[in-house]
Amino acid sequence: MRIYLFIAALAGAVTWFMTPVIRQLAFRIGAVGEVRARDVHTVPTPRIGGLAMLSGVAVAFLIASRTPWVENLFEESHQLWAVLVGAILISLVGVADDLWDLDWMLKMSGQLLISLLVSWGGVRIVSLPLGNLYSVSTSWSIAISAFLLVASINAVNFVDGLDGLASGIVAIGGIAFAIYSYMLARSTANFASVALIIDVVIVGVCIGFLLHNWHPASIFMGDSGSMLLGFMVTCASIVMTGRLDPNAHHVNVYLPVFIPILLPILVLFLPVLDMVLAITRRVSKGLSPMHPDRMHLHHRMLRIGHSVRWAVGILWSWAALISFSSVLLLFFRMRYVFAFFVCAAAVLTVVTLFPYYRTRFAEIRAQRAQEETA
Numbered sequence: 075m076r077i078y079l080f081i082a083a084l085a086g087a088v089t090w091f092m093t094p095v096i097r098q099l100a101f102r103i104g105a106v107g108e109v110r111a112r113d114v115h116t117v118p119t120p121r122i123g124g125l126a127m128l129s130g131v132a133v134a135f136l137i138a139s140r141t142p143w144v145e146n147l148f149e150e151s152h153q154l155w156a157v158l159v160g161a162i163l164i165s166l167v168g169v170a171d172d173l174w175d176l177d178w179m180l181k182m183s184g185q186l187l188i189s190l191l192v193s194w195g196g197v198r199i200v201s202l203p204l205g206n207l208y209s210v211s212t213s214w215s216i217a218i219s220a221f222l223l224v225a226s227i228n229a230v231n232f233v234d235g236l237d238g239l240a241s242g243i244v245a246i247g248g249i250a251f252a253i254y255s256y257m258l259a260r261s262t263a264n265f266a267s268v269a270l271i272i273d274v275v276i277v278g279v280c281i282g283f284l285l286h287n288w289h290p291a292s293i294f295m296g297d298s299g300s301m302l303l304g305f306m307v308t309c310a311s312i313v314m315t316g317r318l319d320p321n322a323h324h325v326n327v328y329l330p331v332f333i334p335i336l337l338p339i340l341v342l343f344l345p346v347l348d349m350v351l352a353i354t355r356r357v358s359k360g361l362s363p364m365h366p367d368r369m370h371l372h373h374r375m376l377r378i379g380h381s382v383r384w385a386v387g388i389l390w391s392w393a394a395l396i397s398f399s400s401v402l403l404l405f406f407r408m409r410y411v412f413a414f415f416v417c418a419a420a421v422l423t424v425v426t427l428f429p430y431y432r433t434r435f436a437e438i439r440a441q442r443a444q445e446e447t448a
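Going by the numbering used here, the first residue of the sequence shown is number 75, and it counts up by one from there.
Shown next as structure tokens:
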């Protein structure tokens, strides 16, 4: 466990140190986001913070590859190197979009090509939960894995609209992943796990960047960061499927704690929900699925009266509830976890809607007072 904490701290420290450097670079090369109609911020802000996050990922991976006890993971499998190469490529696509605002079809084509490359390199689904866990063909495995990667990349990209929102949600998901990865890693002799290394790097990078990205943010992660986080967190969940033996486990053992296809959705539930709603909304109006608007979940939170920090905190709480409820099933019976989930969800619902109903009740009282005076 100490090794994993060291890797997470290293990733966070490098990201924290490099973020001001990247911020100055952004000003020099003009990578500063102008205030657009759909934006929440009011001051032009650097938007290639993902490069600082990438530096944290790269340094953490390179040091881990030379660290006793986990270095064999880099020697025995090409998965971690494939993840690192994919992280670099997806960040470069994000930087290009941050600088030149790429056409959405071009950007998605780049995402798909990189996802296929990484899946071909070994980061792919091993088993599917259909009755019993069973292996799938290589072609289907690559196709499904690439689809999950592209979907998650864009889900995190969609939710990156408030200071600290995306990095916080992914950090929460990374912690949930890390707990489950660690539980699976206990079955090995030295607790070494490819998925766990990816998880702790994600958490470290997110926390390191969040120290600069908390409202009011001095820098944005941009597409270079949001795409990187979506890519990394899904790589961790996909790699995790390789630790299950399709011939030795029945799917009921892992439901609902672990289903390879649904795990990214459970942890990235809010980003995925926001993406699905946005695409449905835009397509129903005859617009491009990537057409920007101000109808995302975080925009709605601000519209009903929450401040930026409150909106982010509440959305973090929802993400934590959904992510950790599945992990709690490892330790508690399902009925207890379900009862906890219902109670916590009820409290969060009240907190979420409180500003709306407070404003609505005030309007009703004002209307009644006006009617009485009339």
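The beta-carbon is built from N, C-alpha and C at its ideal position, and this holds for glycine as well.
Being a predicted model, the structure only gives us computed values, none of them experimental.
Problem set entry | Distance between V169 and F428 (C-alpha atoms, nearest Å) | Counted from its first residue, the sequence shown places residue 428 at position 354. Counted from its first residue, the sequence shown places residue 169 at position 95. Distance between the alpha carbons of F428 and V169: 39 Å.
For this session: With distances taken Cα to Cα, identify the nearest neighbour of P120 among G242, A217, S358 and A105.
Result: Taking the sequence shown and counting its residues from 1, the one referred to as residue 120 is at position 46. Of the listed residues, the one whose Cα sits closest to P120 is A105.
Problem set entry | Reduced DSSP secondary structure (H/G/I, E/B, other) of V106 | Looking up residue 106 in the sequence shown gives position 32. DSSP places V106 in strand when its eight states are reduced to three.
Exercise. Looking at F91 and the ligand ATP, is the gap between the Cβ and the nearest heavy atom below 7 Å?
Worked result: Among the ligands in the structure shown, none appear at all, so the ligand ATP cannot be discussed.
For this session: Could you tell me whether the Cβ atoms of M295 and G124 are closer together than 8 Å?
Result: What you label residue 295 is simply residue 221 of the sequence shown in a count that begins at 1. What you label residue 124 is simply residue 50 of the sequence shown in a count that begins at 1. Against a cut-off of 8 Å, the Cβ pair of G124 and M295 comes out as a contact.
Exercise. What are the complete beta strand (DSSP E) segments, minimum 3 residues, inside the stretch 223-260?
Worked result: none
For this session: Could you check which residue in V313, H289 and S215 has the C-alpha nearest to that of A259?
Result: On the sequence shown, position 185 is the one that residue 259 refers to. The residue with the shortest Cα to Cα distance from A259 is V313.
Exercise. How would you call C280, buried or exposed, if buried means at least 16 neighbouring beta carbons within 10 angstroms?
Worked result: Here residue 280 refers to the residue found at position 206 of the sequence shown. With 16 or more Cβ atoms within 10 Å of its Cβ, C280 is classed as buried.
Problem set entry | Alpha carbon of N228 to alpha carbon of N146, nearest angstrom | Here residue 228 is taken as the residue at index 154 of the sequence shown, counted from 1. Here residue 146 is taken as the residue at index 72 of the sequence shown, counted from 1. Approximately 33 Å, taken between the alpha carbons.
For this session: Determine, using beta carbons only, whether L128 and A161 come nearer to each other than 8 Å.
Result: Walking along the sequence shown from the start, residue 128 turns up at place 54. Walking along the sequence shown from the start, residue 161 turns up at place 87. Yes; because the gap between Cβ atoms is below 8 Å, this pair is in contact.
Exercise. Run through DSSP, which three-state label would P120 get?
Worked result: As a working mapping, residue 120 is identified with position 46 in the sequence shown. DSSP places P120 in strand when its eight states are reduced to three.
Problem set entry | Identity of the residue in Q153, H152, L158 and F148 nearest G130 by Cα | Mapped onto the sequence shown, residue 130 falls at position 56. Of the listed residues, the one whose Cα sits closest to G130 is L158.
For this session: State the DSSP-derived secondary structure class of A440, mapped to helix, strand or coil.
Result: Within the sequence shown, numbered from 1, the residue matching residue 440 stands at position 366. It is helical.
Problem set entry | Bounding residues of the alpha helix (DSSP H) (the contiguous stretch that carries W194) | Indexing the sequence shown from 1 puts residue 194 at position 120. W178 to W194 is the extent of the alpha helix (DSSP H) around W194.
For this session: Count the other CB atoms, across all protein chains shown, that sit within 10 Å of the CB of C417; report buried if there are 16 or more and exposed otherwise.
Result: As a first step, residue 417 is located in the sequence shown; it is residue number 343 there, counting from the start. Exposed, since its Cβ has fewer than 16 Cβ neighbours within 10 Å.
Exercise. Among the residues of its own chain, which have a CB less than 6 Å from the CB of T89, if the five just before and after it don't count?
Worked result: The residue labelled residue 89 in the question sits at position 15 within the sequence shown. So the list reads A126, M127, G130, V279, G282 and F283, once near-sequence residues are dropped.
Exercise. Whose C-beta lies closer than 8 Å to the C-beta of V401 among residues of the same chain, with five residues either side of it excluded?
Worked result: Counted from its first residue, the sequence shown places residue 401 at position 327. If we look at V401 and ignore the five residues flanking it on each side, its Cβ neighbours are A250, I253, Y254 and V331.
Problem set entry | Spatial neighbours of G196 in its chain, beta-carbon cut-off 8 Å, leaving aside the 5 residues before and after | The residue labelled residue 196 in the question sits at position 122 within the sequence shown. The residues are S151, H152, Q153 and A156.
Exercise. DSSP state of L342, grouped into three classes?
Worked result: Position 268 of the sequence shown, counted from the start, is the residue given in the question as residue 342. DSSP places L342 in coil when its eight states are reduced to three.
Problem set entry | Where the alpha helix (DSSP H) through M301 begins and ends | To locate residue 301, count along the sequence shown from 1; it is residue 227. Where M301 is concerned, the enclosing alpha helix (DSSP H) stretches over G296 to M314.
Problem set entry | Among A419, L404, P142 and W174, the one whose alpha carbon lies nearest that of L395 | Within the sequence shown, the letter at position 321 stands for residue 395. Here the closest residue by C-alpha is A419.
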